[in-house]
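The structure under discussion appears below in the form of structure tokens.
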Amino acid sequence: MPAPVHQGPARGFPAGWSHPARLRSRSRGSAGRLWAVHGSFASTAQRLAAAGKAAPDEATRLQFAVDELGRLYRHLPLCTQPPLAGSVSAPYYFDWLDHSSNDAYWQATAVNRRYAQIKVPALNVGGWYDLFLHGTLENYTRMRTEGGSPEARAGQRLLVGPWAHGQDSGVYQSVAFGAGASRAMSDLAARQLAFFEHYLKGEARDLGAPVRLFVMGENRWRDEEEWPLARSRYTRWYLHSDGQAVHEGGGLSPIPPGEEAPDVYLYDPRDPCPTVGGPNFLPGLEIARNAGPMDQRVVEARPDVLVYTSAVLDQPLEVTGPLTVVLYAATTAADTDFVARLSDVHPDGSAFLLAEGILRARFREGCESPRPVEPGRVYEYRINLVATSNLFKAGHRIRVHVTSSSFPRFDANPNTGHPLGQDGPADRHWAVQTILHTGEYPSHIVLPVIPR
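So the sequence shown is numbered by the working numbering: it starts at 117 and just counts up by one.
Structural data, given as structure tokens:
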């Protein structure tokens with residue numbers, strides 16, 4: 117029989133690199149992927165040089181570029197990245213910039229257009245802070261229904277830990293999820309062996325439940341029969357404010373808003389809101405220093421960040437499943453970005469990041485169909501935060517914050533509406549962003565609440 121597929125956080129290229137979920141970053145520019153561009157191209161250049169197909173100094177140049185990512189992230193225009201210009205190893209970087217929508221260029225390698233051609237079981241392994249989590253979850257759910265054989269559909273397995281891409285200890289700068297959270301201490305190795313013995317050696321093995329998830333906050337593994345969980349109660353938590361969210365005065369509750377004053381902030385791409393933790397891979401090897409559940413208070417103190425916080429919870433609340441923020445917003449720009457983040461606020465005030473999402477305004481109707489923005493007009497923006505599994509304990513609070521950049525995970529939108537990668541430093545313009553929360557425009561987050 118065909119060999120089964122194993123896709124894990126340290127092996128993310130098969131599951132994620134060719135998955136269209138990456139277009140969410142590609143359609144926003146390449147800054148958030150420069151570590152991969154420079155790192156992987158340096159390795160490619162070394163192999164090409166050894167084969168006599170590239171100059172030896174190209175590999176050296178790209179390798180040194182990895183040590184200068186902080187400077188290179190800020191280089192504009194993106195289409196003139198110095199280490200990549202004229203590189204034998206990097207020509208498709210410029211193809212990426214030229215194909216900012218989900219066109220035939222990307223569809224030619226999109227795995228989610230070919231599930232019917234995949235006829236083998238797969239063990240899909242990911243992390244709540246893995247930048248490829250979207251692809252991992254979609255591969256699992258759609259292969260269950262669209263796989264190319266009964267064995268492929270029935271043989272899908274999913275395991276998600278509290279991990280980042282390439283970081284599977286469950287220990288971060290600010291949060292440790294317990295000894296059982298690590299790959300070494302979990303039963304992942306045993307599951308892998310049983311999976312391979314069952315499908316490769318033909319030995320009958322009890323593979324257990326098809327889904328195994330780590331519930332953060334509670335810090336324990338749990339078996340499930342499906343993803344998303346059938347018992348989920350998708351609940352809207354609405355953004356509230358009298359225009360005070362920029363001073364951390366916004367509220368969050370299941371009660372729909374009345375006629376409340378909008379929140380307004382200034383987004384300046386010359387001073388973008390920084391990436392602090394979350395599902396990133398910056399700068400490459402020092403993953404635990406930069407990814408995961410980092411405290412967001414330093415970000416939330418900025419004047420370009422709107423903060424919406426629930427009342428203190430008197431009962432625990434579990435949120436496990438896909439996450440979507442729906443914003444009703446207007447901008448003065450020809451194009452811009454909106455970023456939303458979900459955090460767990462502890463009794464001491466620390467706000468640990470759970471999930472992050474971003475949407476470029478012109479892609480609000482999908483990556484296949486960019487649409488210009490009419491300045492001043494209110495649009496609905498549906499921001500995909502992918503998914504999480506977290507128990508908000510009694511005494512904690514739920515927080516959503518909204519801004520317009522997460523740099524350098526994503527390039528800072530210059531607000532021009534020009535083709536991707538063409539704007540230089542002088543082309544950037546500030547934008548006034550307005551977030552509405554009224555009966556007509558009820559901005560909210562949809563939380564998959566799990567009854568207990």
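Glycine included, each C-beta is placed from N, C-alpha and C at the ideal position.
Query raised in the report: What residue does the beta strand (DSSP E) around Val327 start on, and which one ends it?
Result: Taking the sequence shown and counting its residues from 1, the one referred to as residue 327 is at position 211. Unbroken beta strand (DSSP E) run through Val327: 327-331.
Query raised in the report: Could you give the distance in angstroms between the alpha-carbon of Tyr354 and the alpha-carbon of Glu556?
Result: Stepping through the sequence shown from its first residue, residue 354 is reached at position 238. Stepping through the sequence shown from its first residue, residue 556 is reached at position 440. The straight-line gap from Cα to Cα measures roughly 13 Å.
Query raised in the report: Should the stretch 315-324 be regarded as contacting the stretch 496-509, the criterion being three or more beta carbon pairs within less than 8 Å?
Result: When C-beta atoms of the stretch 315-324 are compared with those of the stretch 496-509, fewer than three pairs fall below 8 Å, so the two segments do not count as touching.
Report task. Run through the stretch 444-529 for me and flag every whole beta strand (DSSP E) of 3 or more residues, listed as ranges in chain order. Result -> Within the stretch 444-529, the beta strand (DSSP E) runs of at least 3 residues that lie entirely inside it are, in chain order, 453-461, 467-476, 495-508, 513-519.
Query - Identified DSSP bridge partners for Tyr354 - result: Here residue 354 refers to the residue found at position 238 when the sequence shown is read from its first residue. Ser369, His560.
Requested in this report: Return yes when at least one heavy atom of the ligand COA lies under 7 Å from the C-beta of Pro438, else no.
Outcome: No copy of the ligand COA occurs in the structure displayed, which carries no ligand at all.
Query - Which listed residue (Thr261, Gly277, Val442, Ile566) has its alpha carbon closest to that of Gln431 - result: Translated into the one-based positions of the sequence shown, residue 431 becomes position 315. Nearest C-alpha to Gln431: Ile566.
Query raised in the report: In or out: Glu174 buried (at least 16 other Cβ within 10 Å) or exposed?
Result: As a first step, residue 174 is located in the sequence shown; it is residue number 58 there, counting from the start. In the assembly as shown, Glu174 is a buried residue. Its beta-carbon has 16 or more other beta-carbons within 10 Å.
Query - Backbone secondary structure at Pro438 - three-state DSSP - result: Counting from one through the sequence shown, the residue named residue 438 turns up at place 322. It is a strand residue.
Query raised in the report: Is DSSP giving Thr425 helix, strand or coil here?
Result: As a working mapping, residue 425 is identified with position 309 in the sequence shown. The answer is strand: DSSP assigns Thr425 an E or B state.
**Report entry** Three CB pairs or more closer than 8 Å across the stretch 451-464 and the stretch 517-536
**Finding:** Flag = yes, the stretch 451-464 and the stretch 517-536 touch.
Query raised in the report: Under a CB-based cut-off of 8 Å, is Ala175 close to chain C?
Result: The structure shown contains no chain C; it is built from a single protein chain.
Query raised in the report: In whole angstroms, what separates the C-alpha of Arg328 from that of Gln549?
Result: As a first step, residue 328 must be located in the sequence shown, where it is residue number 212. As a first step, residue 549 must be located in the sequence shown, where it is residue number 433. Roughly 40 Å separates the two Cα atoms.
Report task. Using three-state DSSP, classify Arg230 as helix, strand or coil. Result -> Translated into the one-based positions of the sequence shown, residue 230 becomes position 114. Under the three-state reduction of DSSP output, Arg230 falls in the coil class, being neither helix nor strand.
Query - Limits of the unbroken alpha helix (DSSP H) element including Gly186 - result: Start at 1 with the first residue of the sequence shown, and residue 186 comes out as number 70. Residues 185-189.
Requested in this report: Can you have a look at Phe180 and say buried or exposed, based on whether 16 or more other CB atoms are within 10 angstroms of its CB?
Outcome: Along the sequence shown, read from residue 1 onward, the residue named residue 180 stands at position 64. That one is exposed.
Query raised in the report: If you draw a straight line from the alpha carbon of Arg338 to that of Asp303, how long is it in whole angstroms?
Result: The residue labelled residue 338 in the question sits at position 222 within the sequence shown. The residue labelled residue 303 in the question sits at position 187 within the sequence shown. Distance between the alpha carbons of Arg338 and Asp303: 12 Å.
Report task. Could you spell out where the beta strand (DSSP E) holding Glu364 opens and where it closes? Result -> The residue given as residue 364 occupies position 248 in the sequence shown. Taken as a continuous stretch (DSSP letters only), Glu364 belongs to no beta strand (DSSP E), as it is neither H nor E.
Requested in this report: Could you check if Gln197 is buried or exposed, using at least 16 other CB atoms within 10 Å of its CB as the buried criterion?
Outcome: Along the sequence shown, read from residue 1 onward, the residue named residue 197 stands at position 81. With 16 or more Cβ atoms within 10 Å of its Cβ, Gln197 is classed as buried.
Query - Pro278 - containing beta strand (DSSP E), residue span - result: Taking the sequence shown and counting its residues from 1, one reaches residue 278 at position 162. Start and end: 272-280.
Query - Exposure label - His534; buried when at least 16 CB within 10 Å - result: Position 418 of the sequence shown holds residue 534. So His534 ends up on the exposed side.
Report task. Below 8 Å on the Cβ atoms is my guess for Glu262 versus Ala232; work out the distance and round it to an integer in Å. Result -> Along the sequence shown, one-based indexing puts residue 262 at 146. Along the sequence shown, one-based indexing puts residue 232 at 116. Between Glu262 and Ala232 a beta carbon distance of about 6 Å is seen, short of the 8 Å cut, so the two are scored as contacting.
Requested in this report: Could you say which of Ser298, Leu274, Arg260 lies nearest to Ala280 if we only look at CA atoms?
Outcome: Here residue 280 refers to the residue found at position 164 when the sequence shown is read from its first residue. The residue with the shortest Cα to Cα distance from Ala280 is Ser298.
**Report entry** Nearest-angstrom Cα separation, counted from Gly465 out to Gly359
**Finding:** As a first step, residue 359 must be located in the sequence shown, where it is residue number 243. As a first step, residue 465 must be located in the sequence shown, where it is residue number 349. Cα to Cα, the separation comes out at about 22 Å.
Report task. May I ask you to list the residues that DSSP assigns as paired with Val548? Result -> Counting from 1 along the sequence shown, the entry for residue 548 is found at position 432. BP columns for Val548 point to Leu382.
Report task. Report back the beta-carbon spacing between Ala503 and Leu439 to the nearest angstrom; my notes put them in contact at under 8 Å. Result -> Along the sequence shown, one-based indexing puts residue 503 at 387. Along the sequence shown, one-based indexing puts residue 439 at 323. 6 Å between Cβ atoms; contact.
Report task. Could you tell me the boundaries of the alpha helix (DSSP H) in which Asn255 lies? Result -> The sequence position of residue 255 within the sequence shown is 139, counting from 1. Per DSSP, Asn255 belongs to the alpha helix (DSSP H) from 249-262.
Query raised in the report: Can you name, in chain order, every residue of its own chain whose Cβ lies under 6 Å from the Cβ of Arg544, other than the five neighbours on each side?
Result: Along the sequence shown, one-based indexing puts residue 544 at 428. Hits under 6 Å: Pro385, Arg386, Pro530.
Query raised in the report: Rounded to a whole number of angstroms, what is the C-alpha to C-alpha distance between Cys483 and Lys317?
Result: Taking the first residue of the sequence shown as position 1, residue 483 is located at position 367. Taking the first residue of the sequence shown as position 1, residue 317 is located at position 201. C-alpha separation (whole angstroms): 42 Å.
Requested in this report: Return the CA-CA distance between Phe330 and Ala306, expressed in angstroms with no decimal places.
Outcome: Counting from one through the sequence shown, the residue named residue 330 turns up at place 214. Counting from one through the sequence shown, the residue named residue 306 turns up at place 190. CA-CA distance, Phe330 to Ala306, rounds to 16 Å.
Query raised in the report: Ala167: buried (16+ other C-beta within 10 angstroms of its C-beta) or exposed?
Result: Within the sequence shown, residue 167 is the residue found at index 51, counting from 1. Burial is judged here by how many other beta carbons sit within 10 angstroms of a residue's own beta carbon; Ala167 has fewer than 16 and is exposed.
Requested in this report: Classify Arg476 as buried or exposed, calling it buried when 16 or more other Cβ atoms lie within 10 Å of its own Cβ.
Outcome: Numbered from 1 along the sequence shown, position 360 holds the residue referred to as residue 476. Flag for Arg476 reads buried.
Requested in this report: Just the C-alpha distance for Ala170 and Pro486, rounded to the nearest angstrom, thanks.
Outcome: The residue given as residue 170 occupies position 54 in the sequence shown. The residue given as residue 486 occupies position 370 in the sequence shown. Going from the Cα of Ala170 to the Cα of Pro486 covers about 37 Å.
Query raised in the report: From the DSSP output, which residues share a beta bridge with Gln223?
Result: As a first step, residue 223 is located in the sequence shown; it is residue number 107 there, counting from the start. Gln223 is not bridged to any residue.
Report task. Determine the burial state of Val441: buried for a count of at least 16 other Cβ atoms within 10 Å of its Cβ, exposed for fewer. Result -> Here the question's residue 441 lines up with position 325 in the sequence shown. With 16 or more other Cβ atoms from the protein chains shown falling within 10 Å of its own Cβ, Val441 counts as buried.
Report task. Helix, strand or coil for Asn396, going by three-state DSSP, please let me know. Result -> Residue numbering aside, residue 396 sits at position 280 when the sequence shown is read from its first letter. Of the three classes helix, strand and coil, the one that applies to Asn396 here is coil, per DSSP.
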